[in-house]
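Peer 1:
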Amino acid sequence: MRAFTYERASSVEAAAKAAASNSQARFIAGGTNLLDLMKLEIETPTHLIDINGLGVDKIEGTQEGGVRIGALVRNTDLAAHETIRRDYGLLSRALLAGASGQLRNKATTAGNLLQRTRCPYFYDTNQPCNKRQQGSGCSAIGGFTRQHAVVGTSDACIATHPSDMAVAMRALDAVVETVKADGSRRSVPIEDFHRLPGDTPHIETVLEAGEVVTAVTLPPPVGGKQIYRKVRDRASYAFALVSVGAVIQSDGTGQVAVGGIAHKPWRIATAEAELPRGAKSTADALLADARPTEQNRFKIDLVRRTLGAVLTEARG
Amino acid sequence: MSKMHIKLTVNGKPVELLAEPRELLIHVLREELSITGPHIGCETTHCGACTIDMDGRSIKSCTVFAAQANGANVTTIEGLGTPDGLHVLQTMFKEHHGLQCGFCTPGMITRAYRLLQENPDPTEEEVRFGMSGNLCRCTGYQNIVKAILAAAAELNAVKEAAQ
Ligand SMILES: Cc1cc2nc3c(=O)[nH]c(=O)nc-3n(C[C@H](O)[C@H](O)[C@H](O)COP(=O)(O)OP(=O)(O)OC[C@H]3O[C@@H](n4cnc5c(N)ncnc54)[C@H](O)[C@@H]3O)c2cc1C
Ligand code: SF4
Ligand code: FES
Ligand code: FES
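Pasting the structure below:
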């Protein structure tokens with residue numbers, strides 16, 4: 001691993017300023033993604049800003065009746081929190097479907113949203129990859145693509161976003177709160193937070209240089225049956241091939257986001273309107289613009305079937 | 001690169017050392033402190049062989065920089081039992097054949113130790129879920145699960161007898 005200098009930031013504003021003044025600096029939260037990328041020299045920061053001491057690690061109610069989740073809340077604590085389990089069961093279930101106990105103990109809310117793709121070519125520094133090295137080419141296109149995206153892809157990148165938690169956050173209409181290097185604050189709806197690859201797959205979110213995520217808020221509870229169903233190659237400890245996060249009301253309407261099929265959690269308003277008509281028409285609308293490869297065409301069926309299972313469970 | 005001064009409590013003993021920021025905690029434990037119980041299986045956060053207890057939580061020590069652990073309280077397998085005074089989990093792994101080559105075992109037992117602190121009377125499913133971050137190439141897991149359930153039963157029996 002390349003050498004770097006290390007500091008523990010004392011405030012959000014100081015962290016943002018320090019990061020903005022050095023393009024080679026990175027924040028480190030739980031470290032469960034960044035460390036592994038540094039070992040492989042996919043990420044090569046010369047300076048690490050440890051944000052674990054910033055105090056943004058609380059879960060509290062908002063004035064609107066929702067909940068504010070600090071950026072540094074650990075995945076373990078978020079999944080186990082009483083309010084989350086009672087009112088946002090989808091989020092708790094999605095978290096517990098991901099990684100393992102040891103990892104969830106360290107992984108944070110912001111770090112989870114910002115984790116990078118698991119595309120195997122991104123991890124192999126001997127292969128071209130536009131996300132790792134801008135303009136070098138995409139090894140996945142024409143390569144081994146079983147895990148890759150089927151919607152929202154571009155000719156530059158077909159990677160997926162691997163997070164389970166983000167799928168639940170998308171279905172629950174989360175908002176990401178940040179502080180920029182100049183001290184100003186903004187709130188970004190999760191649908192605008194992650195970007196599609198387009199011709200700049202190396203830029204994954206709308207965060208600016210130095211911008212710190214401080215919290216993620218959820219609107220007041222929406223009730224309904226909250227289900228997270230993850231389909232993967234083995235029953236535990238694997239990333240999703242396809243996952244469905246859904247809130248289904250007794251009249252059959254609801255909110256649904258799909259993971260494992262795109263560069264960001266996939267949610268489409270017109271598809272959601274089809275929910276009362278069943279899985280097929282919903283999945284057809286979700287995947288209307290799909291461009292699968294020969295190897296990942298199975299995900300089209302898998303989305304429909306997984307959604308079908310979720311809707312059956314919601315009725316039961 | 002300049003070294004940092006790091007203070008830790010390891011298995012109850014305060015230790016101080018100098019480490020470069022990029023040194024992983026597992027390397028500091030094994031190479032600087034000669035605590036070789038936690039193993040390096042993958043060094044990519046997958047296998048769990050390097051599992052230790054840090055500030056009361058199971059973590060993988062190949063995914064922490066020593067610099068980040070400054071001030072932390074660490075327990076490794078060395079802190080759980082000794083050859084003459086095995087921890088109940090160690091005894092049960094031995095009795096139920098919860099190990100073969102033994103490479104994963106320190107991580108398994110250190111994780112199982114914390115699991116039983118968090119959930120003293122787990123179901124088989126809860127043990128399997130709680131242990132899913134620890135991989136074993138030899139046993140097929142069946143006997144590991146048995147050993148942990150047996151240790152839980154034993155610890156609970158001892159607790160009840162004491163009441
Ligand atoms: C073996 C293994 C299995 C896994 N399985 C799953 C799985 O099944 N499902 C799943 O969803 N995930 C899985 N994960 C991924 C895991 O959930 C992520 O690694 C974790 O959530 C990242 O959080 P972190 O706090 O450790 O991030 P870090 O590694 O600390 O940070 C990740 C990135 O976010 C940036 N960052 C962190 N916090 C902030 C902030 N507040 N503001 C701005 N930038 C910030 C960092 O600079 C870095 O670029 C797995 C990981 C491993 C190693
Ligand atoms: S799909 Fe994206 S991440 Fe994977 S090789 Fe292509 S550019 Fe890189
Ligand atoms: S060596 Fe740390 S998880 Fe494998
Ligand atoms: S006993 Fe050999 S790896 Fe588990």
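Protein chains in written order, with the UniProt record's numbering: chain A, 1 to 316; chain B, 1 to 163.
For every residue, glycine included, the Cβ atom is placed at its ideal position computed from N, Cα and C.
Can you check whether the CB of I77 (chain B) is closer than 8 Å to the CB of T45 (chain B)?
Peer 2: Contact flag unset, no.
Peer 1: Would you mind telling me which residues of chain A sit closer than 7 Å to R57 (chain B), beta carbon to beta carbon, in chain order?
Peer 2: N105
Peer 1: To the nearest angstrom, how far is it from the Cα of A29 (chain A) to the Cα of A67 (chain B)?
Peer 2: 13 Å
Peer 1: Please state if the CB of L114 (chain A) and the CB of L172 (chain A) are separated by a distance shorter than 8 Å.
Peer 2: no
Peer 1: 8 Å is my cut-off, CB to CB: does residue 318 (chain A) come that close to chain B?
Peer 2: No information on residue 318 (chain A) is available, as it lies outside the stretch 1 to 316 that chain A covers here.
Peer 1: Excluding the five sequence neighbours on either side, which residues of its own chain have a C-beta within less than 6 Å of the C-beta of L25 (chain B), listed in chain order?
Peer 2: S61, V64, A66, A69
Peer 1: Quick one: what's C62 (chain B) bridged to in DSSP?
Peer 2: Note: C62 (chain B) sits in no beta bridge, so no partner.
Peer 1: Say the cut is 7 Å; is the CB of G254 (chain A) nearer than that to a heavy atom of ligand 3?
Peer 2: When distances are taken from the beta-carbon of G254 (chain A) to the heavy atoms of ligand 3, even the shortest one reaches 7 Å or more.
Peer 1: Check this for me: beta carbons of C50 (chain B) and I40 (chain B), under 8 Å apart or not?
Peer 2: The answer is yes: Cβ separation under 8 Å.
Peer 1: Would you say D192 (chain A) faces chain E, with C-beta separation under 8 Å as the test?
Peer 2: Going by chain labels, chain E is absent from the structure shown, which instead holds the protein chains A and B.
Peer 1: With a threshold of 7 Å, establish whether the CB of K39 (chain A) neighbours any heavy atom of ligand 3.
Peer 2: no
Peer 1: For A97 (chain A), which option in B:G130, B:V10, B:L17 has the closest C-alpha, if you only look at C-alpha atoms?
Peer 2: B:G130
Peer 1: Three or more beta-carbon pairs under 8 Å between the segment 14-26 of chain A and the segment 46-54 of chain A, yes or no?
Peer 2: Segment contact: the segment 14-26 of chain A against the segment 46-54 of chain A, three or more CB-CB distances shorter than 8 Å; contact assigned.
Peer 1: For the alpha helix (DSSP H) containing residue 164 (chain B), list its first residue and its last residue.
Peer 2: A query on residue 164 (chain B) cannot be resolved here, the shown segment of chain B reaching from 1 to 163 and no further.
Peer 1: Name the residue from B:Q90, B:N73, B:I59, B:D84 whose alpha carbon lies nearest to the alpha carbon of A150 (chain B).
Peer 2: B:Q90
Peer 1: Residues in its own chain within less than 6 Å of E23 (chain B) by CB, not counting five upstream and five downstream?
Peer 2: A66
Peer 1: Under 8 Å between C-beta atoms, does L78 (chain A) make it to chain B?
Peer 2: no
Peer 1: Cβ of V175 (chain A) within 8 Å of Cβ of S187 (chain A)?
Peer 2: yes
Peer 1: Which runs of the alpha helix (DSSP H) spanning at least 4 residues fall entirely within the segment 60-144 of chain A, listed in chain order?
Peer 2: 75-80, 82-87, 89-96, 101-106, 109-113, 120-123
Peer 1: Is there at least one non-hydrogen atom of ligand 3 closer than 7 Å to the beta-carbon of C138 (chain B)?
Peer 2: Not one heavy atom of ligand 3 falls within 7 Å of the beta-carbon of C138 (chain B).
Peer 1: Taking 8 Å as the threshold (beta carbon to beta carbon), is Y6 (chain A) in contact with chain B?
Peer 2: yes
Peer 1: Which bits of chain A does Q142 (chain B) rub up against, with CB to CB less than 9 Å?
Peer 2: Ordered by position in chain A, no residue passes the 9 Å Cβ test against Q142 (chain B), which lies about 15 Å from the chain.
Peer 1: Hey, V303 (chain A) and I268 (chain A) are a contact pair by Cβ (cut 8 Å); roughly how many whole angstroms apart?
Peer 2: At roughly 12 Å, the Cβ-Cβ gap does not stay under 8 Å, so V303 (chain A) and I268 (chain A) are not in contact.
Peer 1: Indicate whether at least one CB of chain A lies closer than 8 Å to the CB of S34 (chain B).
Peer 2: Chain A contact via Cβ: absent.
Peer 1: Using a Cβ-Cβ distance cut-off of 8 Å, determine whether L196 (chain A) contacts chain B.
Peer 2: no
Peer 1: Taking the alpha helix (DSSP H) that V28 (chain B) falls in, what are its first and last residues?
Peer 2: It is not in any alpha helix (DSSP H) - V28 (chain B) carries neither H nor E in the DSSP assignment.
Peer 1: What is the DSSP secondary structure of V150 (chain A), counted as helix, strand or coil?
Peer 2: coil
Peer 1: Under 7 Å from any heavy atom of ligand 1, does the C-beta of residue 374 (chain A) make it?
Peer 2: Residue 374 (chain A) falls outside the range modelled here, since chain A spans only 1 to 316, and no answer is possible.
Peer 1: Taking Cβ to Cβ, would you say N134 (chain B) is nearer than 8 Å to G81 (chain B)?
Peer 2: no
Peer 1: Would you call the CB atoms of A94 (chain A) and V167 (chain A) closer than 8 Å?
Peer 2: yes
Peer 1: Does any CB atom of chain B fall closer than 8 Å to the CB of T46 (chain A)?
Peer 2: So, not an interface residue.
Peer 1: Note down, in chain order, every chain B residue with its Cβ under 8 Å from the Cβ of K39 (chain A).
Peer 2: E43, T44
Peer 1: Please list, in chain order, the chain A residues whose beta carbon lies closer than 8 Å to that of G48 (chain B).
Peer 2: Within chain A, the residues near G48 (chain B) are S100, Q102.
Peer 1: Rounded to a whole number of angstroms, what is the C-alpha to C-alpha distance between Y88 (chain A) and Q226 (chain A)?
Peer 2: For the pair Y88 (chain A) and Q226 (chain A), the Cα-to-Cα distance works out to about 8 Å.
Peer 1: Between A67 (chain B) and chain A, is there a C-beta pair that is closer than 8 Å?
Peer 2: It does; some Cβ of chain A falls within 8 Å.
Peer 1: Can you list the residues of chain A that V74 (chain B) reaches, using a CB-CB cut of under 9 Å?
Peer 2: Chain A residues near V74 (chain B): none, gap ~14 Å exceeds 9 Å.
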